[in-house]
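Everything on this sheet refers to the single structure shown next.
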Amino acid sequence: LTLTPTLTPTLAPTLTLSLALTLTLTLTPTLAMAGPVPLDNSGNQLLVSPTQRMNPVLRHVRNVPYAFVDSITPDYVVGATGCAIFLSLRYHLLHPTYAIRRIKELGRSFKLRVLLCVVDVADNEAPLRELNRTAAMNDMTLLLAWSNLEAARYLETLKAYENRSPDSIRGRVDDDYISRVTSIVTKVKSVNKTDAATLAATFGSLRGIFEASRADVNAVPGMGPTKVRRLMQVLNVSLLESRDAGDGAGDGSKKRPREETASEGAPEATALRESASAGSSGDGGADGAEAGAEAGA
């Protein structure tokens, strides 16, 4: 509020003093929520192409700031060496050459190249298989999201983990042999860590557990009939047999025992043998190699 005195002369011998009132209103805008902000050099912003201005995904990007930049080729730049191209599966079905054209425009400018696809059609198996093949052939990583919110979380995570090491998502691997044996054996349903430690102490190694007979395993303290049956199924089921088990599904009772054994033991056998191949050493190495050869067959 400003008061400005003025003198106004009149024909009369007196002087009239008047006050002029001036009201000045100043509005200072504030940033109430995350959204597009001016580009700076801090490096903490998600860079967005202006072509994505109307993309509903941006309404869900709240955990990282973003800015529209005219000079970028991809739809999103998530780091110094990472980018993302956005694609709606419905749009891909209407414009099947769009993804290829956008990938070619990228060139080899980025090390991490993400094809972020929102799956918004029900019949998606065939187009997703095609997109997966396209991404693999062009050194792209295909990320599938089933909503705009999920797609926004992918963008936020890619930006937030830009400078993180792989250790943050790498699984912890035990160094000692007994811990690895325990981790492998407990993949069998109902076999706990105590059972695994008892088996390792009884048979001495992973090889010894694999080569033990049913009678020997049944004699181990704590190993009841159900645990013994499941462990022996996992150790003895053939991966080729589990693949062919469905061929004779309609043959009646002759095929039923084989199907039940294969279907119950095959997934656990695959997980156990892959773990043995990757994680075991020493006496268990031969078993892992044998399992790997059988899985390859």
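Residue numbers (the numbering used here): 25 to 321.
A virtual CB, placed ideally from N, CA and C, is assigned to each residue, including glycine.
Predicted model, so just to flag it, every value in this text is computed and none were measured.
Tell me, which residues are paired with Ser112 by DSSP? Val142
Give the DSSP-derived three-state secondary structure of Gly106 in the structure shown. strand
Cross-strand partners of Thr165 (DSSP beta bridge): Val138
Could you give the residue range of the alpha helix (DSSP H) that holds Lys217? Lys217 to Phe227
State the Cα-Cα distance for the pair Ala239 and Leu259, rounded to the nearest angstrom. 14 Å
What residues match up with Val244 in a beta bridge as DSSP calls it? None; Val244 has no bridge partner.
Sorted by chain position, which residues of the same chain lie with C-beta nearer than 8 Å to Leu117's C-beta, five sequence neighbours on each side aside? Val145 and Pro151
Express the C-alpha separation of Ser207 and Lys278 in angstroms, rounding to a whole number. For Lys278, the predicted model reports a pLDDT of 41, less than 50, meaning its position is unreliable; a value from the coordinates is still stated below. Their Cα atoms are separated by approximately 36 Å.
Ala160 versus Ile96 - alpha carbon distance: 23 Å
Just verifying my parser: in three-state terms, what is the DSSP assignment at Tyr185? coil
Between the stretch 73-89 and the stretch 126-137, do three or more beta carbon pairs fall short of 8 Å? no
Residue environment, Gly106, which counts as buried when at least 16 other CB atoms sit within 10 Å: buried
Just the C-alpha distance for Ser133 and Asp163, rounded to the nearest angstrom, thanks. 12 Å
Please report how far the alpha carbon of Asp99 lies from the alpha carbon of Leu155, in whole angstroms. 18 Å
Among Thr165, Arg204, Tyr115 and Pro249, the one whose alpha carbon lies nearest that of Ser231: As written in the sequence, residue 231 is Arg, which differs from the Ser given in the question. When each option's Cα is compared against that of Arg231, the closest is Arg204.
Counting pairs of beta carbons, one from the stretch 243-263 and one from the stretch 209-223, are three or more of them closer than 8 Å? yes
Should Glu180 be labelled buried (16 or more other beta-carbon atoms within 10 Å of its own) or exposed? buried
Reference Gly246, options Val261, Thr222 and Ala236, closest by Cα: Thr222
Do Leu70 and Val93 have their C-beta atoms closer together than 8 Å? no
Please classify Ile233: is it buried, with 16 or more other beta-carbons within 10 angstroms of its beta-carbon, or exposed? buried
Simplified DSSP state of Val258, which is helix, strand or coil: helix
Please report the distance separating the alpha-carbon of Pro74 from that of Val142. 19 Å
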